[in-house]
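In my numbering, the protein residues as written are 238 to 525.
The beta-carbon is built from N, C-alpha and C at its ideal position, and this holds for glycine as well.
Bear in mind that the values here come from a model prediction, so they are computed numbers and not experimental data.
Below is one structure; the comments refer to it alone.
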Ligand code: GUN
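And the structure:
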């Protein structure tokens with residue numbers, strides 16, 4: 238196994254340190270701390286873990302952290318009122334509504350209500366449009382993390398053929414936009430794509446964002462390619478224990494790839510670090 242391991246844990250820690258240093262400089266000059274609000278509805282165990290981590294890391298970089306934990310039975314009206322109050326709160330620069338929301342709540346409606354200037358997830362149609370038009374935007378966190386990790390392997394991605402497997406609004410589409418901005422030739426593959434292994438083998442840069450454990454293997458990887466694995470899937474092993482795996486069969490792909498992100502410790506940690514960085518960006522733009 239000769240592939241370079243793209244260490245997201247280390248890169249995320251470095252990004253958080255940079256954010257913390259900027260927050261500290263703002264505080265030292267008498268300015269208020271940037272504020273991030275996270276809204277969680279219901280008791281989904283994975284979401285509870287994520288929200289707890291976001292809160293902890295927001296505080297660790299010196300930002301003002303606001304958390305709203307609302308019951309599963311929260312009505313759309315009640316959630317809209319919470320978002321409206323956060324939109325109006327001058328101490329809050331970033332608002333994140335944790336997804337997935339319980340089925341009775343309309344995620345699209347809720348996201349569209351967030352002030353685009355505070356939309357640190359980059360999910361609001363205004364930010365989606367600005368990203369695709371190449372205008373300054375708040376850019377989704379996980380896609381930003383993917384690009385930063387790919388650049389560890391190769392600082393200039395220009396001219397590479399990037400294949401993105403997955404077309405979600407949260408990862409697939411925005412990561413494709415960012416790769417286009419990096420001057421890659423971009424192909425988006427999905428469940429209807431014909432001969433996925435052959436297409437993936439043409440990729441200099443392969444991004445796996447499918448949501449299926451170990452869906453891509455050695456047969457999908459061109460020798461020397463950069464492989465970015467966005468998947469976080471909890472599986473039960475043959476021995477009956479629980480473990481996290483990506484959308485890529487890491488051991489098999491690492492035999493062929495030039496560089497690869499591990500799971501855990503690859504893209505995952507980058508998401509929260511980019512969220513904090515986006516909150517700082519939102520703060521700076523709002524102060525302009
Ligand atoms: N659930 C899983 N990932 C995310 C994310 O990046 N943002 C939000 N809001 N919810 C998520």
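Checklist entry - Between residue 333 and ligand 3, is the CB less than 6 Å from at least one heavy atom? => result As presented, the structure is devoid of ligand 3, carrying ligand 1 as its sole ligands.
Item to check | Beta bridge counterpart(s) of residue 272 as assigned by DSSP | outcome: Partner(s): 301.
Checklist entry - Residues bridged to residue 405 by DSSP? => result Looking at the DSSP assignment, residue 405 forms no beta bridge with any residue, so it has no partner.
Next on the checklist: Given this structure, state the Cα-to-Cα distance separating residue 481 from residue 287, to the nearest angstrom.
Outcome noted: In a straight line, the C-alpha of residue 481 is about 15 Å away from that of residue 287.
Next on the checklist: Does the distance between the C-beta of residue 394 and the nearest non-hydrogen atom of ligand 1 fall short of 6 Å?
Outcome noted: A distance criterion of 6 Å places the beta-carbon of residue 394 beyond contact range of ligand 1, judged by its closest non-hydrogen atom.
Checklist entry - Which residues share a DSSP beta bridge with residue 331? => result Beta-bridge annotation (DSSP): residue 331 is paired with 273.
Checklist entry - Is the region 455 to 463 touching the region 509 to 524 in the sense that three or more CB pairs, one from each, lie closer than 8 Å? => result They do not touch, by the three-pair rule.
Next on the checklist: Assuming residue 430 is part of the alpha helix (DSSP H), what are its boundary residues?
Outcome noted: It is not in any alpha helix (DSSP H) - residue 430 carries neither H nor E in the DSSP assignment.
Checklist entry - Which one or two residues does DSSP pair with residue 399 in a beta bridge? => result Answer is 423, 442.
Next on the checklist: Is the beta carbon of residue 519 closer than 7 Å to that of residue 393?
Outcome noted: In this structure, the beta-carbon distance from residue 393 to residue 519 does not fall below 7 Å.
Item to check | Which of helix, strand or coil DSSP assigns to residue 474 | outcome: Residue 474: coil per DSSP, three-state reduction.
Item to check | Touch test, the region 488 to 504 against the region 239 to 251, Cβ-Cβ under 8 Å, three pairs minimum | outcome: At 8 Å Cβ cutoff, the stretches touch.
Item to check | Whole-angstrom C-beta distance between residue 489 and residue 455, which should lie under 8 Å | outcome: Right, their Cβ atoms sit about 4 Å apart.
Item to check | Coil, strand or helix - residue 497 by DSSP | outcome: Three-state DSSP puts residue 497 in a strand.
Item to check | Backbone secondary structure at residue 458 - three-state DSSP | outcome: If DSSP states are grouped into helix, strand and coil, residue 458 belongs with coil.
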